[in-house]
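Numbered per mature numbering (1 follows the signal peptide of the UniProt record, and there is no 0), the sequence shown spans residues -16 to -1, 1 to 439. What follows is a set of notes on a single structure, which appears directly below.
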Amino acid sequence: MGACLALCSLASCASCLCGSAPCMLCCCCPSSNNSTVTRLVFSFFLLLGTMVSVIMILPGMEAQLRKIPGFCQGGTSIPGIENHVNCDVIVGYKSVYRMCFAMTCFFFLFAAIMIGVRSSKDPRAGVQNGFWFFKFLILIGITVGAFFIPDGTFHTVWFYFGVVGSFIFILIQLILLIDFAHSWNKVWVENAENSDNKCWFAGLLSFTFLHYALAFTAVVLFYVYYTQPDDCTEHKVFISLNLIFCVIISIVSILPKIQEAQPHSGLLQASLISLYTMYVTWSAMTNNPNRKCNPSLLSLVSNVTTTPPSGDGTPGTVQWWDAQGIVGLIIFLFCTLYASIRSSSNTQVNKLMQTEEGGGSGGEGVVGEDGIRRAVDNEEEGVTYSYSFFHFHLCLASLYIMMTLTNWYQPNTTTQAMQSSMPAVWVKMSSSWLGLALYLWTLIAPFIFPDRDFN
């Protein structure tokens, strides 16, 4: 299903971009539900914008981007600032900020339009599921306009929008991972119990051990490379606290009372959440402006060296392809795809994600009177996901991509450079703590409220 759009012929889809939902859907994925394909197409828009942002920040693009009016033409200085702009440093993040600003506005617009849609009988559902050509034109128009926004304080203000939006998106990532882990564990346990094949149990044990081994290895490496005997106190506290929290959720997940209230809870989910928590911890430490506590990972494992901007505003090279950016991009792609095709039976997660319990993402295509196979309209009685919340999720994803590709560096309006910042560190750490609390809640809620249906 995930490869559906990738395999879809551009020629066949182009012929129906301006049509209604059934036409667009039959061109690309004729045997699927329209709710699934619509989410995939919008996610494709987001991924397309992400690809453009990545291209803009690649080496060699500075010369082309300088041709845009106001984008460092000839090394001119910004009014009110004495020193000249370092184009090699700021052009990349300028373009990423504007591209992601356009995507954020695009998805926020649809989030506002789709508030309160209850079924496909609502006229706005036709806008959600069709008119793709005009949607694409709107996105292009917003993008072009974004590149002509005056500098001023735009980058500084939008940085804080990105921090807040990314904080929320990291929580959504964790919710999706919780849902994925619960579904994974439930399916494999049921397969093992309903068959004589013990490979399912062996698989569960293997992946659980692998996740914990990677998490423990990460903790050891963090202490070795991201702490100093007489410095980096914050890092020592971060690593130790999250290690303790991961041990706590692992113990709670296998308590007899918790197992009785929620039979499908187990160490597989806890191990996956622990591994993700260690990733967020590492990601936070890589934004510490104290270079003594923040070595480049690529410089530790290879001869590749990077020169991130220092805390004093000294310009450096901006590279999205460092380890943090690559891992963050991979997790983003997984969560975006999973959010597009998920059909969860976990009641708590569905409430958090504002979705309904689903019975699968696939369906049988319907052949119309014209002989064309069309996708199934599975939302006549009610939507299977909140249109507005889905667009809000993509809106936050756009902000997260912006922060990931710029390494969460903060624009410095005085030196026109980019620098690491402690706010990014605290945002990531607090999101990891809140995410752990959310996972702990999914474990203890059925025990605390036994009269409620937590499925």
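Here a beta-carbon is modelled for each residue, glycine too, at the ideal position from N, C-alpha and C.
- Query: With a CB to CB cut of under 6 Å and the five nearest residues on each side skipped, what residues in its chain are close to ALA197?
  - Reply: Annotation for ALA197: no residue places its beta carbon closer than 6 Å to its own, counting only its chain and skipping 5 residues before and after.
Spatially closest choice to PRO240 from LEU30, PRO430, LEU32 and THR20, by CA coordinates:
Answer by Cα proximity: PRO430.
query = Quick check: the stretch 128 to 138 against the stretch 214 to 231, are there 3 or more CB pairs under 8 Å?
reply = Contact fails: fewer than three Cβ-Cβ distances are below 8 Å.
- prompt: When the Cα atoms are used, what is the spatial distance from GLU174 to ARG23?
  reply: If you draw a straight line from the Cα of GLU174 to the Cα of ARG23, it is about 29 Å long.
Which of helix, strand or coil does DSSP assign to PRO163? Before going on, a small fix: residue 163 reads as Asp here, not Pro. It is helical.
Is GLU316 buried or exposed, if buried means 16 or more other CB atoms sit within 10 Å of its CB? At residue 316 the sequence reads Phe, which differs from the Glu that was named. Under this definition PHE316 is a buried residue.
Compute the beta-carbon to beta-carbon distance between residue 484 and HIS377, rounded to the nearest angstrom, for a pair I have assumed lies under 8 Å.
Nothing about residue 484 can be reported from this structure: the residues present for the chain run from -16 to 439 only.
Just reading off the alpha helix (DSSP H) that ARG23 is part of, what are its end residues? Segment 18 to 41, the alpha helix (DSSP H) holding ARG23.
What do you get for SER190, buried or exposed, if any count of 16 or more other CB atoms within 10 angstroms of its CB means buried?
Here SER190 is exposed. Its C-beta has fewer than 16 other C-beta atoms within 10 Å.
Worksheet entry | GLY114: first and last residue of the uninterrupted alpha helix (DSSP H) it sits in | Segment: none, GLY114 is in no alpha helix (DSSP H) and carries neither H nor E.
Practice prompt. Alpha carbon to alpha carbon, how far is TRP142 from TYR384? Give it in angstroms, no decimals.
Written response: If you draw a straight line from the Cα of TYR384 to the Cα of TRP142, it is about 12 Å long.
Q.
Going by C-alpha to C-alpha distance, which of ALA323, ALA268, LEU321 and TYR393 sits closest to SER414?
A. The residue with the shortest Cα to Cα distance from SER414 is ALA268.
What did DSSP end up calling TYR81 once you bin it into helix, strand or coil?
When secondary structure is reduced to three states using DSSP, TYR81 falls in the helix class.
(request) Note down the Cα distance separating LEU205 from THR192, rounded to an integer number of angstroms. (result) Rounded to whole angstroms, LEU205 to THR192 spans 20 Å at the Cα level.
| message | Out of SER237, THR261 and VAL147, which one is the CA nearest neighbour of SER224? | response | When each option's Cα is compared against that of SER224, the closest is THR261.
Using a Cβ-Cβ cut-off of 8 Å (strictly less than) and excluding sequence neighbours within five positions of PHE229, which residues of its own chain qualify? Same-chain partners within the cutoff: THR261, TRP417 and LEU420.
For residue 481, count the other beta carbons within 10 Å of its own beta carbon; 16 or more makes it buried, fewer makes it exposed. Which is it?
Here the chain has residues from -16 to 439 only, and residue 481 is not among them.
- Message: Using 8 Å for Cβ pairs, my map puts LEU422 next to ILE159. What's the rounded Cβ distance?
- Response: So it is a contact: roughly 7 Å between Cβ atoms.
- Task: Would you mind giving the Cβ-Cβ distance between SER37 and VAL80, rounded to the nearest angstrom? I have them listed as a contact below 8 Å.
- Result: Indeed they touch by this definition, with Cβ atoms about 5 Å apart.
Going by C-alpha distance, which of TRP168, PHE91 and MET387 is nearest GLN112? When TRP168, PHE91 and MET387 are compared, the shortest CA-CA separation from GLN112 is found for PHE91.
Worksheet item: Who are the near neighbours of GLY312 in its chain, counting only those whose CB is closer than 6 Å to its CB and skipping five residues on each side?
Response: Only THR388 meet the Cβ criterion.
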